[in-house]
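As structure tokens, the structure follows; a few thoughts come after it.
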Amino acid sequence: MTAIPVPQGQPDAVRHIPQRELRNDSSRVLREVADGAEFIITTRGTPVARLSPIGLPAYSQLTYSPPSRPQTFSTEGLDVADDSVREFYRDYRDDRF
36 MTAIPVPQGQ PDAVRHIPQR ELRNDSSRVL REVADGAEFI ITTRGTPVAR
86 LSPIGLPAYS QLTYSPPSRP QTFSTEGLDV ADDSVREFYR DYRDDRF
């Protein structure tokens with residue numbers, strides 16, 4: 036038995052093949068899968084499995100981009116601690132010891 040031919044104009048159509056064909060022609064079927072083909076395996080006419088190429092794992096498609104940092108640092112717009120804050124922390128440290 037041979038695989039059902041792909042309909043014209045639909046190169047990516049999934050082909051149905053019986054389990055017997057997969058067993059007898061496994062090397063040919065696997066070559067086609069490696070080339071991008073996809074198969075539905077049937078047993079007594081009932082679909083039981085899908086055979087398709089392994090895609091790349093998601094992590095292998097990630098790209099590295101270094102963290103971005105500002106080129107300059109400015110204190111403009113930042114609140115500067117006044118003497119009361121400094122005095123509070125000085126007293127707090129003194130009370131701890």
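Quick note: to get the working numbering, add 35 to the position in the sequence shown (first position is 1).
The C-beta atom is built at its ideal place from N, Cα and C for all residues, glycine as well.
1) Leaving out five residues before and five after PRO46 in sequence, what residues of the same chain have Cβ atoms less than 8 Å from its Cβ?
2) ALA48 by DSSP, collapsed to three states: which one?
3) Would ILE75 and ALA84 be called neighbours here (beta carbons separated by less than 9 Å)?
4) For a test of the three-state rule: what should DSSP assign to LEU113, helix, strand or coil?
5) Along the beta strand (DSSP E) that carries LEU86, what are the first and last residues, could you check?
6) In angstroms with no decimal places, state the Cα-to-Cα distance between ALA48 and GLY71.
7) Could you tell me the boundaries of the beta strand (DSSP E) in which PHE74 lies?
Let me lay it out:
1) Translated into the one-based positions of the sequence shown, residue 46 becomes position 11. At PRO46 the pLDDT is 47, less than 50, meaning the model places this residue with poor confidence and gives no usable figure here.
2) Position 13 of the sequence shown, counted from the start, is the residue given in the question as residue 48. Looking at ALA48 - three-state DSSP - the assignment turns out to be coil, as it is neither helix nor strand.
3) For this step, residue 75 is matched to residue 40 along the sequence shown. For this step, residue 84 is matched to residue 49 along the sequence shown. Yes, Cβ-Cβ distance for ILE75 and ALA84 is below 9 Å.
4) What you label residue 113 is simply residue 78 of the sequence shown in a count that begins at 1. Judged by DSSP in its simplified three-state form, LEU113 adopts coil rather than helix or strand.
5) Taking the sequence shown and counting its residues from 1, the one referred to as residue 86 is at position 51. 81 to 86 is the extent of the beta strand (DSSP E) around LEU86.
6) Here residue 48 corresponds to residue number 13 of the sequence shown, with the count starting at 1. Here residue 71 corresponds to residue number 36 of the sequence shown, with the count starting at 1. C-alpha separation (whole angstroms): 11 Å.
7) Looking up residue 74 in the sequence shown gives position 39. DSSP places PHE74 in the uninterrupted beta strand (DSSP E) bounded by 74 to 78.
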